[in-house]
Amino acid sequence: MSDQVKLEIRNMTKLYKTGDGVRNINLTVNLGELVTLLGPSGCGKTTILRTVAGFLSCDTGSILIDGKDISHLPPEKRPTAMVFQSYNLWPHMTVYENMAFGLKLRKIPKPEIQRRITEMLELVKMSGFEKKYPNQMSGGQQQRIAIARSLLLQPEVLLLDEPFSALDAKIRSQMREELRKIQTDLEITVVFVTHDQEEAMALSDRIVVMNKGSFEQIGTPAEIYDHPASRYIADFIGEMNFIEQRDGTTIAVRPENVTLELGDGTGGDIGGYVRTIMMLGHFYEIAIGTDSGIVKAYVSAETAGKYKRGDMVNCYFEGTYRYEPDSEKKKEKIAPA
Amino acid sequence: MSFLNPKRWYHSLGKRRFYEALLLIVFILFFYGPLLYTFMLAFANKYEYPSIIPSQFGFQWWNYVLNQPTLVKSIGLSFEFAFATTFISMIICLPAAYVLARYNFPGRKMVMFSFLLGNAFPKIGIYTSMAIVFYKMNLMGTFTGVLLIHLIECMMMMIWLPTSAFRNVPANQEEAARDAGAGPLRTFWYVTLPTAWPGIAVAAMFAFIASLGESTGTLLVGLPYYRTMTVEMYGVILDYPSTAGAVFSLILIAPNLALLLLMRRYLGADTLARGYKMG
Chain A
203 MSDQVKLEIR NMTKLYKTGD GVRNINLTVN LGELVTLLGP SGCGKTTILR
253 TVAGFLSCDT GSILIDGKDI SHLPPEKRPT AMVFQSYNLW PHMTVYENMA
303 FGLKLRKIPK PEIQRRITEM LELVKMSGFE KKYPNQMSGG QQQRIAIARS
353 LLLQPEVLLL DEPFSALDAK IRSQMREELR KIQTDLEITV VFVTHDQEEA
403 MALSDRIVVM NKGSFEQIGT PAEIYDHPAS RYIADFIGEM NFIEQRDGTT
453 IAVRPENVTL ELGDGTGGDI GGYVRTIMML GHFYEIAIGT DSGIVKAYVS
503 AETAGKYKRG DMVNCYFEGT YRYEPDSEKK KEKIAPA
Chain B
718 MSFLNPKRWY HSLGKRRFYE ALLLIVFILF FYGPLLYTFM LAFANKYEYP
768 SIIPSQFGFQ WWNYVLNQPT LVKSIGLSFE FAFATTFISM IICLPAAYVL
818 ARYNFPGRKM VMFSFLLGNA FPKIGIYTSM AIVFYKMNLM GTFTGVLLIH
868 LIECMMMMIW LPTSAFRNVP ANQEEAARDA GAGPLRTFWY VTLPTAWPGI
918 AVAAMFAFIA SLGESTGTLL VGLPYYRTMT VEMYGVILDY PSTAGAVFSL
968 ILIAPNLALL LLMRRYLGAD TLARGYKMG
């Protein structure tokens, strides 16, 4: 991953008649980087992606790839390729024809097309599927072909719009891994859109957390996880406990940073009783009922064995965040205690 | 043969189904009866009242009809109009249908609705008003005049069915084609059309059949120069024996039947059903 800027979005605004949309978007993506736009439905992430692809025009601002302004080009002339959530492949064409479509338009000779397709199918582990039709394949297989098809176009920027959201969980993580491997091997610049924070954390070099049409925070997954800039982000990423304070501020702490000890429920940073103990695979989640709501703690199996429902416990926090009461402007974050 | 005994039927089917079956049989006879009768007449060489069934079967009347130059000419003309109508209506309506499917412009619903109006009023009223305009424009008794009448017939189907067919092409697939480097026209040809064609095929079938069957308007505008099969039919009923009429009827019905069977065979019931969707 280099420092050379591949994609730049400058002061871009795109508003719909309903008032939704995105305002004053500024973003640079470096060569070989995978940047994810993360946020709930309606936050504008797909709008930005489609503007880069050329399916939407921006009201103001510009989009540059390799320093060249592409904002006025139609989709077929832009050096981007997009993979949608569904309905990527053309159902009346075989896998081979689907993949050859773009290459034929570029007047590449037939033997070369054949060679490239065979190579690409190997890369996405779909060799031998040339003559199959999309409806003969599973969702995951179809998405693999869709990605392969886009890669064949050798785009400067690859755009992915929630490509794995329609697949089941097991396949999703498999696809994530494969995509990341291909992306890093080939050094492709990628903009990825998703609402799944786990996916964003796993895949990205950098994450852009969005809310209501603007960027709330940009950073690496670790930066965002360890230093969420606002209560919204703290809530959105990973699991977080929120404890309302009497002065209106909120203290937040990650469940894995909560330690328990048997006590009378009045000591520690907060005290309460054990409500539930849930087994979540290789660790346990213990929910403590307190005066300020439920506090969750992640503990090892060994630790969990020491507690049972109804026990009074004291909770100790390690590394907390404080957020100002809810308002339109960004929240203040105080360094961990 | 005791199982044909209605009493046994009654008891095996149960009261309700027995009467339902009876009703169905009556309905089928009522519906197909005249058709069967026509069929029988068309192949009757000798048919004398009061016998119910002809005494002799043969192709005599077919020979007769096919040797009447005016009648044969009308068959050719009917098909000419049918092909012309289908072709021209597709050229006019398909681009319009695409726009109506993809772009939500103000007044879109009104435009879609306006195409229903042609079928909302009694045809003779519409044709008479058209005839008045045609007189002023010297279109009476011309090929174009009759063609226009035929086009009105199929407008509704040619707009509504293809619009729904285009709407059912997932936008992502068209966008994927643009993304891959295809311009709007290429995308339409390689992606939109192949996916939407059942709806368009059904609409074309309707247009063809509607044109073949159009009678009142053609009579009004086409006489005396352009006489399609339907127009000639009026004369045939009056001037020729009923057996000749039966033959001519079958000639009229045959293309419809053939088209339906062809469609069913090559498109399959599934695709046909999809094509009929108008949502």
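Read top to bottom, the protein sequences are chains A and B. Just so we're aligned: 234 in the numbering used here is position 32 of the first sequence, and the numbers increase by one with no gaps anywhere. Just so we're aligned: 896 in the numbering used here is position 179 of the second sequence, and the numbers increase by one with no gaps anywhere. Note that CB positions come from ideal geometry on N, CA and C, so glycine has one too.
Residues of chain B whose Cβ lies closer than 8 Å to the Cβ of Leu-217 (chain A) do not exist; the shortest such Cβ separation is about 17 Å. Comparing C-alpha distances from Ile-869 (chain B) to each of B:Glu-931, B:Arg-825, B:Thr-904 and B:Tyr-852 shows the shortest one belongs to B:Glu-931. Residue environment analysis places Pro-357 (chain A) among the buried positions, since at least 16 neighbouring C-beta atoms fall within 10 angstroms of its C-beta. Taking 8 Å as the upper bound for CB-CB distance, Val-953 (chain B) and Ala-961 (chain B) are in contact here, some 6 Å apart. Taking C-beta atoms under 8 Å as the contact rule, Arg-378 (chain A) and Gly-898 (chain B) fail to qualify, at a distance of about 28 Å. Not a single CB atom of chain B sits nearer than 8 Å to the CB of Ser-204 (chain A). Listed in chain order, the positions of the segment 885-913 of chain B with a beta carbon within less than 9 Å of a beta carbon of chain A are Pro-887, Ala-888, Asn-889, Gln-890, Glu-892, Ala-893, Ala-894, Arg-895, Asp-896, Ala-897, Gly-898, Ala-899, Gly-900, Pro-901, Arg-903, Thr-904, Tyr-907, Val-908, Pro-911 and Thr-912.
DSSP places Thr-249 (chain A) in the uninterrupted alpha helix (DSSP H) bounded by 247-255. His-429 (chain A) does not reach chain B, its nearest Cβ partner there being about 37 Å away, counting only Cβ pairs nearer than 8 Å.
In the assembly as shown, His-867 (chain B) is a buried residue. Its beta-carbon has 16 or more other beta-carbons within 10 Å. For Ala-888 (chain B) and Val-908 (chain B), the gap between their C-alpha atoms comes out near 10 Å. Contacts between Ala-368 (chain A) and chain B, judged by CB atoms closer than 9 Å, are missing: the closest CB pair is about 12 Å apart. Using a Cβ-Cβ cut-off of 8 Å, Phe-519 (chain A) is close to nothing in chain B; its nearest Cβ partner there is about 47 Å away.
At least one CB of chain B lies nearer than 8 Å to the CB of Phe-286 (chain A). Cβ-Cβ distances below 6 Å link Val-237 (chain A) to Val-231, Val-393 and Arg-408 in the same chain, with the five nearest sequence neighbours on each side left out; the list follows chain order.
For His-294 (chain A), at least one C-beta of chain B is nearer than 8 Å to its own C-beta. Taking the Cα positions, Lys-840 (chain B) is about 37 Å away from Ala-738 (chain B). The beta carbon of Gly-246 (chain A) sits no closer than 8 Å to any beta carbon of chain B. Closest in C-alpha terms to Ser-416 (chain A), from the list A:Glu-210, A:Gln-206, A:Leu-209 and A:Asp-222, comes A:Asp-222.
A Cβ-Cβ distance of about 15 Å is found for the pair Lys-247 (chain A) and Val-359 (chain A), leaving them out of contact under the 8 Å criterion. At least 8 Å separates the CB of Pro-457 (chain A) from every CB of chain B. Ranked by how close their Cα comes to the Cα of Met-481 (chain A), the residues A:Ile-439, A:Ala-503, A:Pro-242 and A:Asp-466 have A:Ala-503 in first place. Annotation: the continuous beta strand (DSSP E) that includes Lys-763 (chain B) extends over 761-763.
In terms of Cα proximity to Pro-336 (chain A), the closest of A:Pro-313, A:Tyr-298, A:Glu-389 and A:Ile-315 is A:Tyr-298.
Note on Lys-216 (chain A): 16 or more other CB atoms within 10 angstroms of its CB, so buried under the neighbour-count rule. Asn-780 (chain B): not part of any beta strand (DSSP E); member of the alpha helix (DSSP H) spanning 777-783, first to last residue. Secondary-structure assignment with DSSP links Gly-473 (chain A) through a beta bridge to A:Asn-516. Within chain B, no residue has its beta carbon less than 7 Å from that of Gly-330 (chain A); the closest one is some 23 Å off.
For Asn-290 (chain A), the C-beta contacts it makes with chain B under 7 Å involve Asn-889 and Ala-893, in order along the chain. Taken through DSSP and simplified to helix, strand or coil, Ile-488 (chain A) comes out as strand. A Cβ-Cβ separation of about 5 Å places Val-497 (chain A) in contact with Asn-443 (chain A) under the 8 Å criterion. For Pro-277 (chain A), the residues of chain B that pass the 8 Å Cβ criterion are Glu-892, Arg-895 and Asp-896, in the order they occur in the chain.
CA-CA distance, Met-946 (chain B) to Leu-758 (chain B), rounds to 19 Å. What Ala-255 (chain A) touches in chain B, judged by beta-carbon distance under 7 Å, is Asp-896, going in chain order. 8 Å or more divides the Cβ of Pro-430 (chain A) from the Cβ of Ala-424 (chain A).
One Cα belongs to Val-886 (chain B), the other to Ala-913 (chain B), and the distance between them is close to 7 Å.
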